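This report concerns only the one structure given below.
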Amino acid sequence: MAEKIIIGITMGDPAGIGPEITVKALSNPAIYDRCSPVVIGDACVMEAALTIVGKENVKIHPVSNVDQCLFTPGIIDVYDMKIVDINKLEYGKVSVMAGDAAFLYVKKVIELALAGEIDGTVTNALNKEAINLAGHHFSGHTEIYAEYTGTKKYTMMLAHDNLRVVHVSTHVSLREACDRVKKGRVLEVIEIANKACLDLGIEKPKIGVAGLNPHSGENGLFGREEIDEIIPAINAAKAEGIIADGPVPPDTLFSKARGGWYDIVVAMYHDQGHIPLKVVGFIYNPMAGKWDAVSGVNITLGLPIVRASVDHGTAFDQAGLGITSELSLVNAIDYAIRLSKSERIK
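Going by the working numbering, the sequence shown opens with residue 51, and the numbers climb by one from there.
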């Protein structure tokens, strides 16, 4: 059992759906065939989640260090942080208590990974407003990981089936995002994307680089960012032996990637990459009035530790109802296992 990859999974915001989908995911014995999971969170909240999702036959095993974990199907090991007062927890509500807890779970899982006690990390969703109310001024998981691992060069990768996307910028205004499209940063992200594909076992990654402007600028007619910044970055990447193509017009690039033209796409800003991923990964059933699938994985590249995450929010409107799919979390765990195995081989 000790040879299996140990994955630390943060519980996410206690008032959100994180505890529920974690119980659902870890109730499947097949997860334990592939890894040894431990939840970083509050045992009392996980106990409550068992009832919410109807998994009272599963047991919660609180631990104070990883060595105490059982890693046994039917028993969910919880690194018990003892932060949440379950009597004060309100599902679906922003609170300082929940925001503080969600942040501290992330900080702890990073510490465990840096100490070598776990092989990889997976994060459930936190609420940005809540963590900021609690005094932790970060715009998201990516920035927290960068800060506590001392990482300067990093980027976000989203993945759903064969569609993978990395971003030149993420949590900044659209106006600032345009200003961040510079040769050095675009090249950096192309290099990170290439390494990520190699780590996933893709021998000769084909990278599609998006343009920033409509029609990729139409030779300068709709903007010069492609000519002045993106094309020089692509040429520099090619000089390094990287198979990079572009700038490809953004309105066709993602369909081409879905069709197998590219192994990964470099998007210039947050929504350019997020929207196509969520169009294919998030499937709403209007007849049933619910989401049939909320899938996709968010991975932070360039870190000294492995981090994969669900690609959805806290879903406060569904918290406490036990109706949300765990598919995105299961996919994130699978990605964390693959990347952790790659790191172990190095």
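In this text, a Cβ means the ideal position worked out from N, Cα and C, and glycines have one as well. Predicted model only: the values in this text are computed from it and were never measured.
Which residue wins for smallest C-alpha separation from E268, given the options K288, K245, P297 and I252? The candidate whose alpha carbon is nearest that of E268 is P297.
If we count the other Cβ atoms within 10 Å of its Cβ and call it buried at 16 or more, is V146 buried or exposed? With a 10 Å radius around the Cβ and a threshold of 16 neighbouring Cβ atoms, V146 comes out exposed.
How would you label I57, buried or exposed, when you count the other beta carbons within 10 angstroms and need 16 or more for buried? The residue in question, I57, is buried, as its Cβ has 16 or more Cβ neighbours within 10 Å.
Taking just the CA atoms, how far does D135 sit from I160? 24 Å
Which whole-angstrom value describes the C-beta separation of E53 and V116, a residue pair presumed to lie in contact below a C-beta threshold of 8 Å? At roughly 15 Å, the Cβ-Cβ gap does not stay under 8 Å, so E53 and V116 are not in contact.
Let me know the secondary structure DSSP gives Y334 once reduced to three states. strand
Going by C-alpha to C-alpha distance, which of N78, G91 and C85 sits closest to M61? Cα-wise, what sits closest to M61 is G91.
Report the option in A286, F332 and N244 whose CA atom is closest to the CA atom of V347. F332
Give the secondary structure of Y385 by DSSP, where H, G and I count as helix, E and B as strand, and everything else as coil. helix
What number of angstroms, rounded off, separates the C-alpha of Y385 from the C-alpha of R357? 9 Å
Judging by CA-CA distance, which residue of F121, Y129, S359 and I293 is the nearest neighbour of H210? S359
By DSSP, does Y155 sit in helix, in strand, or in coil? Helix at Y155.
Measuring alpha carbon to alpha carbon, tell me which residue in R84, L262 and P336 is nearest L224. With distances taken between Cα atoms, L224 lies closest to L262.
Give a yes or no on whether the C-beta atoms belonging to A260 and V316 are separated by under 8 Å. yes
Assign M51 to one of two classes, buried (16 or more other C-beta atoms within 10 Å of its C-beta) or exposed (fewer than that). In this prediction, M51 scores a pLDDT of 41, lower than 50, which makes its location untrustworthy; the coordinate-derived value is nonetheless stated afterwards. Its Cβ having fewer than 16 others within 10 Å, M51 is exposed.
Can you list, in chain order, the stretches of the alpha helix (DSSP H) that have 4 or more residues and sit fully within the region 257-292? 281-289
Where are the beta strand (DSSP E) runs, 3 residues long or more, that stay fully inside the region 198-255, in chain order? 205-210 and 213-217
Hey, how far is the Cα of V380 from the Cα of G270? 44 Å
Sub-8 Å separation of I242 and A283 beta-carbons: The beta carbons of I242 and A283 sit no closer together than 8 Å.
Tell me the rounded alpha-carbon separation between T302 and Q322. Going by the C-alpha atoms only, they are around 12 Å apart.
Reduced DSSP category for Y195 - H, G, I as helix; E, B as strand; rest coil: helix
In three-state terms, what does DSSP make of L327? helix
By Cβ distance below 6 Å, which residues in the same chain neighbour S266 in space, the five residues on each side in sequence not counted? E276, P297 and P299
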